[in-house]
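Asks: Pasting a structure here, questions to come.
In the working numbering, the protein residues as written are 1 to 917.
As structure tokens, then:
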């Protein structure tokens, strides 16, 4: 039988609406066609009839213009009156032809038009043209005779009557068309009402059919539900629906609901019966038998076994307590362990097993006539507090339905509590018997306990006293904790004070550097000028005095540099700038810097460089050179005769210590400086590396020095990742060995905190190596440079010196004036700007940085910005050299930068470069 086609409520409603819409669409098409026809007829009346009347009027107007122009010309004789006549004469025929074409569907009107045309042509030939010709000939007599008869008037009257007759016919035609249009409009209105009535009737018919189809089916469903409701719980009845739509779906869903409710009622009834049947049972075996019997009756099971958990030496063992349909006691095994067989696996996994494909070797179900193989097996564990306390196995001749499985599962949910309660009651009964037997023993032991209680009371008193002592100690510990906390806060405060002190110390040293370098600058410049004795006015003794003053000033500058370096190292604010250093040039550098010192002291200088020393290492070359130069300076200072030997070699791998191997480096270098000098006692080896310390007072008096050189070298070596070792014997000499790694991957520890603090910087004059050797007693004097080239460059140059210190102004002004330069001075930035605005241009400016009112930075910015002097050379001079001062000066507008005290040779060299450029 073919499946009945589904025709839902939604489809019915949609089809009904579609039929109505189609009817409306057809009506709209018919109506639109009629309206379009009416619109065409209306447009024809408007366009055709109005055009006919308009052309008729225009032809009459042309005749009137011709008549008026004719009469005006005849009366006045002016040719201008002929213009409207001529224009109308050429135009009336065009309008006549257009009117004639419009009336091509009306021969009668065209015939009248032809008569009107003939009359117009007769008037033109009889009255128009002849009179105009007579007027042009100035034939007044014939004109007078013509107008006495005036035949043109008769022509005009005929033409007017013909036009009147023509218009009347057109008006009647227009009225006829309008009447026909009204009749058509009335017919369309009647047809529209009829069509609306037809669509309305169709819509009502469709609505009645659809509503009856839906309502009748709903009534049938409602009556069925009422019958089921009136049956007082009897749910056997079902809803039958003949239509194939949503109502049928509702009926099917209602039938499914009724079946579900019926199954739930059956389920709840059997659960309630199962729960009530095992109340009051006091033993597990009777409870098991009762449960198996009841469940088998509800589910139709034909075979069953009930196992309860017992504990023994082997672990948890499940023992059979009851069986249903047992045949000679062989209904299942007597016991099993967890995980043993399917029933043991169900207990292990705590899950229900349903087996419908039963093997042939399974236990047969016995009856009076024979044995029958079961079709389905149901194994379910009984849980209590998430532990398996029993397992039930059922076998049936039919497959267990889902409802039967659910019944057993819900009964089992609370059955674990019942089994546990029965087991507990049995245990309580057993314990009760045992407790009665033990009561007598307890009474005998109570006396002993009373005696022990007195002893415990005494011990409790002792414990109380101990507890009081512990409380006192706890209070003491808390007081000490408070004291430690106070001490911690005090230490933090002191640490903060130390940090402030360090900051104040750095600022103090910077200010002191400025205050010391400012007068020292004047001393060095003036003493150097006196030493040169260019005017030959000083005696030899006076020249020696000047040399001593200049040498003492440079020693004082070296001392200031050492103190500032040591301060920066101690405060951890010294920059370490790693870069590539060419080790192949080191022997030549040492030879250049110290060969003259060796010759002066008659000491042999030896330099040994091993072949395995790499040409390039990564370190701070400036600090490395300071260490080497300080070690060599000390070696020459304390060596009267013999030799000073410098050995440069690479540390072999087998000599690397564990600590050296942990450093991330390419290689380790060993630079040893050995001398044959006075030597150092062993007990003084550590002392000499401390600041302001030497071997003994006698050495200090004999050789001089501050004792800062080795301290600075030691700290520099640590910053570079290495150290300095000493091997010395009194009277035989000393060997200082610098161990240094090549840091191609950068520093590790102190570099991270090396950029956040402003620090004092010291200018190291690399052009004069003697200035960096802080402890040489008699440095070799530099050769005086020739000033012939300078005189050519400096002659007549205008130089402005901006400085607030008169001593520096005097020293610089005197030195520069000797070179032929014109010198002007200003004491601060404001005076400098005023002079530059009001005087002739300058060739170069020497600008001090620290000045009152306006410092050098602001003055240079205004010169570059406001005065627009971007090419004027400005050399910045300062005695307080701060970190990044050179960069700050260049950013403010300086062309170059020199720190005080000034070296005249260096100053002249820089000035020469900028003046030439």
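In this text, a Cβ means the ideal position worked out from N, Cα and C, and glycines have one as well.
Could you check what DSSP says for residue 685 in three-state terms: helix, strand or coil?
Replies: Within the chain shown, numbered from 1, the residue matching residue 685 stands at position 685. In the structure shown, residue 685 sits in coil (DSSP, three-state: anything other than H, G, I, E or B).
Asks: Given a cut-off of 8 angstroms, decide if residue 742 and residue 666 are closer than it, judged by their beta-carbon atoms.
Replies: Mapped onto the chain shown, residue 666 falls at position 666. Mapped onto the chain shown, residue 742 falls at position 742. Yes, the pair counts as a contact, with Cβ atoms nearer than the cut-off.
Asks: One question on the structure: do residue 608 and residue 639 come within less than 8 angstroms of each other, judged by their Cβ atoms?
Replies: Counted from its first residue, the chain shown places residue 608 at position 608. Counted from its first residue, the chain shown places residue 639 at position 639. No, Cβ-Cβ distance for residue 608 and residue 639 is not below 8 angstroms.
Asks: Could you please give me the residues that DSSP links to residue 354 through a beta bridge?
Replies: In the chain shown, the residue the question calls residue 354 occupies position 354. Answer is 378.
Asks: Under 8 angstroms: do the stretch 648-655 and the stretch 607-626 share three or more Cβ pairs, one atom per stretch?
Replies: Yes: at least three Cβ pairs fall under 8 angstroms.
Asks: Could you tell me which uninterrupted alpha helix (DSSP H) segments, each at least 4 residues in length, are contained entirely in the stretch 125-151, listed from first to last along the chain?
Replies: Counting only runs of 4 or more, we get 129-137 and 140-149.
Asks: Return the CA-CA distance between residue 205 and residue 29, expressed in angstroms with no decimal places.
Replies: On the chain shown, residue 205 is found 205 positions in, with the first residue counted as 1. On the chain shown, residue 29 is found 29 positions in, with the first residue counted as 1. Roughly 23 angstroms between the two C-alpha positions.
Asks: Tell me the DSSP secondary structure of residue 827 in three-state form.
Replies: Here residue 827 refers to the residue found at position 827 when the chain shown is read from its first residue. Coil.
Asks: In its own chain, which residues sit with a C-beta less than 8 angstroms from the C-beta of residue 283, not counting the 5 before and 5 after it?
Replies: Taking the first residue of the chain shown as position 1, residue 283 is located at position 283. So the qualifying residues of the chain are 422 and 426.
Asks: Using DSSP bridges, identify the partner residues of residue 618.
Replies: Your numbering for residue 618 matches position 618 in the chain shown. Paired residue(s): 580.
Asks: Measure the Cβ-Cβ separation of residue 822 and residue 805 and say whether it is below 8 angstroms.
Replies: Position 822 of the chain shown holds residue 822. Position 805 of the chain shown holds residue 805. No, the Cβ-Cβ distance between residue 822 and residue 805 is not below 8 angstroms.
Asks: Starting from residue 609, follow its DSSP beta bridges and name the residues at the other end.
Replies: In the chain shown, the residue the question calls residue 609 occupies position 609. Partner(s): 648.
Asks: Does the distance from the C-beta atom of residue 722 to that of residue 738 stay below 8 angstroms?
Replies: As a position in the chain shown, residue 722 is number 722, starting the count at 1. As a position in the chain shown, residue 738 is number 738, starting the count at 1. Yes, they are a contact pair.
Asks: Look up residue 312 in the DSSP assignment and say whether it is helix, strand or coil.
Replies: Here the question's residue 312 lines up with position 312 in the chain shown. Strand, per DSSP.
Asks: Would you tell me roughly how many angstroms separate the C-alpha atoms of residue 668 and residue 494, rounded to the nearest one?
Replies: Counting from 1 along the chain shown, the entry for residue 668 is found at position 668. Counting from 1 along the chain shown, the entry for residue 494 is found at position 494. Residue 668 and residue 494: Cα-Cα distance of roughly 40 angstroms.
Asks: Taking the runs of the alpha helix (DSSP H) that are 4 residues or longer, which of them lie wholly in the stretch 245-293?
Replies: Fully enclosed alpha helix (DSSP H) runs of 4 or longer: 246-277.
Asks: Using the three-state DSSP reduction, which class does residue 335 fall into: helix, strand or coil?
Replies: Working through the chain shown from its first residue, we reach residue 335 at position 335. Residue state, collapsed to three classes: strand.
Asks: With burial defined as no fewer than 16 other Cβ atoms inside 10 Å of the residue's Cβ, what is the status of residue 400: buried or exposed?
Replies: The residue labelled residue 400 in the question sits at position 400 within the chain shown. Flag for residue 400 reads buried.
Asks: Between the beta-carbon of residue 146 and the beta-carbon of residue 56, is there less than 8 angstroms?
Replies: In the chain shown, counting from the first residue as 1, residue 146 sits at position 146. In the chain shown, counting from the first residue as 1, residue 56 sits at position 56. Contact: no.
Asks: Would DSSP call residue 52 helix, strand or coil?
Replies: Here residue 52 refers to the residue found at position 52 when the chain shown is read from its first residue. Three-state result, residue 52: helix.
Asks: Look up residue 304 in the DSSP assignment and say whether it is helix, strand or coil.
Replies: Start at 1 with the first residue of the chain shown, and residue 304 comes out as number 304. Note: residue 304 maps to strand in three-state DSSP.
Asks: Just the C-alpha distance for residue 839 and residue 636, rounded to the nearest angstrom, thanks.
Replies: Here the question's residue 839 lines up with position 839 in the chain shown. Here the question's residue 636 lines up with position 636 in the chain shown. Approximately 55 angstroms between the Cα atoms of the pair.
Asks: Which of the three DSSP states is assigned to residue 966 in this structure?
Replies: This structure leaves residue 966 out entirely; the chain is present only between 1 and 917.
Asks: Between the stretch 622-637 and the stretch 588-601, do three or more beta carbon pairs fall short of 8 angstroms?
Replies: Contact between the stretch 622-637 and the stretch 588-601 is present, because at least three Cβ pairs lie under 8 angstroms.
Asks: Between residue 190 and residue 162, is the Cβ-Cβ spacing less than 8 angstroms?
Replies: For this step, residue 190 is matched to residue 190 along the chain shown. For this step, residue 162 is matched to residue 162 along the chain shown. It is not a contact, given that the beta carbons lie outside the stated cut-off.
Asks: Using only alpha-carbon positions, find the residue among 807, 813 and 793 that is nearest to residue 801.
Replies: Position 801 of the chain shown, counting from 1, holds the residue named residue 801. Out of 807, 813 and 793, 813 has the C-alpha closest to the C-alpha of residue 801.
Asks: On the DSSP letters alone, give me the boundaries of the beta strand (DSSP E) that residue 920 sits inside.
Replies: Nothing can be reported for residue 920: it is not among the residues displayed for the chain, which extend from 1 to 917.
Asks: In its own chain, which residues sit with a C-beta less than 8 angstroms from the C-beta of residue 315, not counting the 5 before and 5 after it?
Replies: Position 315 of the chain shown, counted from the first residue, corresponds to residue 315. Counting only Cβ-Cβ distances below 8 angstroms, and skipping sequence neighbours, we find 337 and 338.
Asks: For a quick check, are the C-beta atoms of residue 403 and residue 267 less than 8 angstroms apart?
Replies: Here the question's residue 403 lines up with position 403 in the chain shown. Here the question's residue 267 lines up with position 267 in the chain shown. Yes, the pair counts as a contact, with Cβ atoms nearer than the cut-off.
Asks: Between residue 500 and residue 489, what straight-line distance do the alpha-carbon atoms span, to the nearest angstrom?
Replies: Mapped onto the chain shown, residue 500 falls at position 500. Mapped onto the chain shown, residue 489 falls at position 489. Distance between the alpha carbons of residue 500 and residue 489: 17 angstroms.
Asks: May I have the straight-line CA-CA distance separating residue 172 from residue 49, to the nearest angstrom?
Replies: If you number the chain shown from 1, residue 172 lands on position 172. If you number the chain shown from 1, residue 49 lands on position 49. Each residue's Cα considered, the two are about 11 angstroms apart.
Asks: Would residue 123 and residue 100 qualify as a contact pair, given that the criterion is a beta-carbon distance under 8 angstroms?
Replies: In the chain shown, residue 123 corresponds to position 123, counting from 1. In the chain shown, residue 100 corresponds to position 100, counting from 1. In this structure, residue 100 does not lie closer than 8 angstroms to residue 123 by Cβ.
Asks: Given a cut-off of 8 angstroms, decide if residue 397 and residue 925 are closer than it, judged by their beta-carbon atoms.
Replies: Residue 925 lies beyond the stretch modelled for the chain, which goes from 1 to 917, so this question has no answer here.
Asks: Give the C-beta separation of residue 924 and residue 833 to the nearest angstrom, bearing in mind that I take them to be a contact with Cβ-Cβ under 8 angstroms.
Replies: In the structure displayed, the chain extends from 1 to 917; residue 924 sits before or after that span and is not available.
Asks: Across which residues does DSSP place residue 836 in a beta bridge pair?
Replies: Against the chain shown, residue 836 aligns to sequence position 836. Note: residue 836 sits in no beta bridge, so no partner.
Asks: Residue 525 and residue 815 look like a contact to me (Cβ under 8 angstroms); what is the Cβ gap, rounded to whole Å?
Replies: Indexing the chain shown from 1 puts residue 525 at position 525. Indexing the chain shown from 1 puts residue 815 at position 815. So it is a contact: roughly 6 angstroms between Cβ atoms.
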